[in-house]
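Numbering (this note's numbering), first residue to last: 4 to 248.
Idealized CB from N, CA, C, for every residue including glycine.
Model, not experiment: these values are computed from the prediction.
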């Protein structure tokens, strides 16, 4: 009798274990869907545009920027890649870099992935150029405010021009309902003192003074403003203005 009861107890225990095992089966959309959740699909550089940052770094920057605003809960690109498959994700992002738009099959794939968010955002670097900016000449004065006729300040500039576009997709309908482009033109400056002489002796002295002050090389424009800092400012603007449908 005791043995029979023990067998029934083991059978019930086994049944409970099986039921619990079934209830813990993983699901891509486990738990509640975040109402203001957004999947950060990634940031890619348009084909033909100079890019000096890795896509992994760009994706991380965008994800952190969106999250830090506190307006949206965000799903990182590497998690999206894991759900839909690395190869398919890579193909989707490469296609976006080429055409600047998601294909219908890409949107269908994202909708079928049952991500725990209602929205997705994807971004494209459309421009990244640097160029010498205008140079200016400034007069110099001594501590008493008197104009110094034997020297002047040369100011050289370098401009970086970056354009970032972003598009949001409603994963419930597949519609691209929000799209914006943002452009930044930060400028870096470098100044040099140029000495002059009114006579031959004065010219020689000025040449030596210029060499001591500025080096043997002819003063040129400064390095361009940081691409990373420029993109961070653009991403903050995206995160500030992006909205739900």
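- Along the region 62 to 108, the alpha helix (DSSP H) occurs as fully enclosed runs of 4 or more residues at 80 to 87 and 89 to 102, listed in sequence order.
- As the crow flies, the alpha-carbon of residue 124 is around 19 Å from that of residue 56.
- For residue 40, the beta-bridge partners assigned by DSSP are 76.
- With respect to the 8 Å criterion, residue 237 and residue 165 are classified as neighbours on the basis of their beta carbons.
- Collapsing the DSSP output to three states places residue 191 in a strand.
- Inclusion of residue 142 and residue 155 in the CB contact set at 8 Å is warranted, their separation being smaller than that value.
- Secondary structure of residue 163 (DSSP, three-state): strand.
- Where residue 230 is concerned, the enclosing alpha helix (DSSP H) starts and stops at 230 to 244.
- The region 39 to 57 makes contact with the region 77 to 92; the number of CB pairs closer than 8 Å reaches 3 or more.
- The C-beta of residue 242 has 16 or more other C-beta atoms within 10 Å across all chains shown, which makes the residue buried.
- Taking residue 186 as the centre and dropping the five residues before and after it, the same chain places the C-beta of 166 closer than 6 Å to its C-beta, in chain order.
- CA-to-CA, the gap between residue 229 and residue 53 works out to about 14 Å.
- Residue state for residue 141 is assigned as strand, using DSSP reduced to three classes.
- Contact between residue 163 and residue 60 does not hold, since their C-beta atoms are separated by about 17 Å, which reaches or exceeds 8 Å.
- Taking a 10 Å sphere around the C-beta of residue 151, we find fewer than 16 other C-beta atoms and assign the residue as exposed.
- The Cβ atoms of residue 177 and residue 114 lie closer than 8 Å to each other.
- When the alpha-carbon of residue 248 is set against those of 90, 173 and 148, the nearest one is in 173.
- Residue 128 and residue 46 do touch by the CB rule: their CB atoms are close to 7 Å apart, below 8 Å.
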